[in-house]
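When the count follows the working numbering, it moves up by one through the sequence shown with no breaks and lands on 187 for the last residue. What follows is a set of notes on a single structure, which appears directly below.
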Amino acid sequence: MGDLRQEIHTRFDNLPVPFSVSDRGIFCGLFVDPEPIVTILYMLTEGLHPVKLSFGLGRGKITTEMNSDVWKMDGPCFQRARRAMQRASKRGRWVEVKGFDEPFDQMLYGLFSLQGAVRSGWTEKQNLYAHTSRAMLQKDVAGMFGISPSVVSQSLKSASFDAILEGEKATQSLLGLFYEKPQEVHV
Numbered sequence: 001m002g003d004l005r006q007e008i009h010t011r012f013d014n015l016p017v018p019f020s021v022s023d024r025g026i027f028c029g030l031f032v033d034p035e036p037i038v039t040i041l042y043m044l045t046e047g048l049h050p051v052k053l054s055f056g057l058g059r060g061k062i063t064t065e066m067n068s069d070v071w072k073m074d075g076p077c078f079q080r081a082r083r084a085m086q087r088a089s090k091r092g093r094w095v096e097v098k099g100f101d102e103p104f105d106q107m108l109y110g111l112f113s114l115q116g117a118v119r120s121g122w123t124e125k126q127n128l129y130a131h132t133s134r135a136m137l138q139k140d141v142a143g144m145f146g147i148s149p150s151v152v153s154q155s156l157k158s159a160s161f162d163a164i165l166e167g168e169k170a171t172q173s174l175l176g177l178f179y180e181k182p183q184e185v186h187v
């Protein structure tokens, strides 16, 4: 788990506070820009496969001071995330969301549900090939594991990996609607 957390910190060194994992295995992060959210979700899900994970995303204000220890912060965003995570865990879902308002909560939930349903059927090999193919070409994945490129291709096709990638892009685009980019000043 430490390596995965370090990989997240290295890849997303601009998070407002460090991404954290409690001693009970609960993940917590604070995102101003939603860009890393989907990537971190798949990094954790694929990196810890076959462990079934549930996540909650909450949107809202922070009522405490910013703190480098995310566990010492609170406000509607954290309360909504906790409720969403509890609901996801209770329902056996991959991701639940709260605080994006309707119809966006439902749209995000639908996209995450579809992705979670597809991922839940992945074998260990499909997960391994999917995770590895994010960083290299399929022929290189095949070479790395000493198998034919057609085996990797067929495995990813059976895993509906192209649909997962499209779902991730759509989810990312939808989350991007909630990012208020800083105004540029032109002099």
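We put the beta carbon where it would ideally sit given N, CA and C, even for glycine. These figures come from a predicted structure and were not determined experimentally.
> So what's VAL70 in DSSP terms, helix, strand or just coil?
Replying inline: VAL70 carries a helical assignment under DSSP once its states are collapsed to helix, strand and coil.
>> Assuming VAL229 and PHE27 are in contact, meaning their beta carbons sit under 8 Å apart, how far apart are those beta carbons, in whole angstroms?
In response: This structure cannot speak to residue 229, because the chain is shown only from 1 to 187.
>> Quick check: is any heavy atom of the ligand GTP less than 7 Å from the C-beta of GLY47?
In response: Looking at this structure, you won't find the ligand GTP or any other ligand, since it has none at all.
>> Going by C-alpha to C-alpha distance, which of ASP69, LEU128, LEU53 sits closest to LEU15?
In response: ASP69
>> Assuming ILE164 and ARG91 are in contact, meaning their beta carbons sit under 8 Å apart, how far apart are those beta carbons, in whole angstroms?
In response: At roughly 21 Å, the Cβ-Cβ gap does not stay under 8 Å, so ILE164 and ARG91 are not in contact.
>> Cutting at 6 Å between CB atoms, please list the residues of its own chain near VAL38, excluding the five before and the five after it.
In response: GLU168, THR171, GLN172
> Does the region 124-137 come close enough to the region 78-94 to have 3 or more Cβ pairs within less than 8 Å?
Replying inline: no
> Run through DSSP, which three-state label would LEU48 get?
Replying inline: coil
> CYS77 to ARG59, Cα distance in whole Å?
Replying inline: 5 Å
>> Let's see if you can read the secondary structure: which residues bound the beta strand (DSSP E) around LYS98?
In response: 95-98
> Residue ranges of each beta strand (DSSP E) run of no fewer than 3 residues wholly in the region 104-136, ordered along the chain?
Replying inline: Unbroken beta strand (DSSP E) runs of no fewer than 3 residues, entirely contained in the region 104-136, are not found.
> So, helix, strand or coil for VAL32, using DSSP?
Replying inline: coil
>> Going by beta-carbon coordinates alone, are ARG80 and GLY99 separated by less than 8 Å?
In response: yes
> Helix, strand or coil for VAL38 per DSSP?
Replying inline: helix
> Going by beta carbon distance, what residues of the same chain come within less than 7 Å of SER148, once the five residues before and after it are set aside?
Replying inline: If we look at SER148 and ignore the five residues flanking it on each side, its Cβ neighbours are ALA142.
> How many angstroms separate the CA atom of GLN115 from the CA atom of GLY29?
Replying inline: 21 Å
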